[in-house]
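Q: One structure, pasted below without further comment.
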Amino acid sequence: QFAFGVGSPITHTIPVKVHLLKAFSPKSINPTSIDCEYEGSTAPTFTWFDGEEKIDAKDSEIFSIAKTLVYGDAKKATETLSIDKSKITGVKDVKTIKCKISFTEPETDTLETSTAVHFREISSFTDTQYYFGTGDVVLSCVLDYGASGAAPNKVTWTVGSLTKNTDYTETALANAGGQATSKITLISPSNTKFAQTYACQFN
């Protein structure tokens, strides 16, 4: 609004709208769902992308989208993308998931945030391993992280009261072909102290 006259101020007012989109973490490990959270002046429209491809009905076996917080008086809105990683081809490869928000005309603003999704799996041990006779026993632990995934740089075995290089030996961590492999060899496990649960952890 404007006012004119001797000694009169000249003022102009303009509405200011605020749009805030909570940033995703740069990297997500084995997520089953991702929340896209908005707070601001106008009800947004959410659009999700797998890489540069829009996620829609054709992807319903892998992804499902739900409005977990509908925009209202609190001026907040959230959509949640659920992921069934068992249905993803090449599950171990890194995927970029992006959430983009837009608004109806006349607002043309868009905001987006993305995360690099890493799917990693440790190959399961058999429930029980039995030992008969003499000789060494080799236990292997394998982490699948995909050709484009991030390789671990450390592995830790939990072996109870066993003594390294006396009761068992450990091979160096090996990374190749999108897999990390670690092995321990139980040296002639001929007494009951070897009867325990063994665990491996990658970092």
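When the letters of the sequence shown are read in order and numbered with the working numbering, they come out as residues 7 to 209. We put the CB at the ideal spot given by N, CA and C, even for glycine.
1) Distance check for Thr-121 and Cys-206, CA to CA, integer angstroms please.
2) In the DSSP assignment, find the unbroken beta strand (DSSP E) run with Ala-29 in it and report its ends.
3) Taking the beta strand (DSSP E) that Thr-198 falls in, what are its first and last residues?
4) Could you give the C-beta distance for Thr-68 and Asp-90, rounded to a whole number, given that I count them as a contact under 8 Å?
5) With DSSP as the reference, label Phe-8 as helix, strand or coil.
6) Return the CA-CA distance between Val-165 and Gln-202, expressed in angstroms with no decimal places.
7) For the region 45-104, which segments carrying the beta strand (DSSP E) assignment without a break, of at least 3 residues, lie completely within its bounds, in sequence order?
8) Distance check for Gly-184 and Asn-200, CA to CA, integer angstroms please.
9) The beta strand (DSSP E) with Thr-115 in it runs from where to where?
10) What did DSSP end up calling Thr-191 once you bin it into helix, strand or coil?
A: According to the data block:
1) Spanning the alpha carbons of Cys-206 and Thr-121 requires a straight line of approximately 28 Å.
2) Element bounds for Ala-29: n/a, residue is neither H nor E.
3) For Thr-198, there is no enclosing beta strand (DSSP E), as DSSP gives it neither H nor E.
4) A quick correction: the sequence has Ile, not Thr, at residue 68. That pair is a contact at about 6 Å.
5) Only weak support exists for where Phe-8 lies, its pLDDT of 49 falling under 50; the coordinates are left without a value.
6) Each residue's Cα considered, the two are about 8 Å apart.
7) Segments of the beta strand (DSSP E) lying fully in the region 45-104: 51-56, 69-75 and 82-89.
8) Reading the sequence as shown, one finds Phe at residue 200 and not Asn. If you take the alpha carbons of Phe-200 and Gly-184, they lie about 31 Å apart.
9) Checking the displayed sequence, the identity of residue 115 turns out to be Asp instead of Thr. Note, Asp-115: premise wrong, no beta strand (DSSP E); not H, not E.
10) The answer is strand: DSSP assigns Thr-191 an E or B state.
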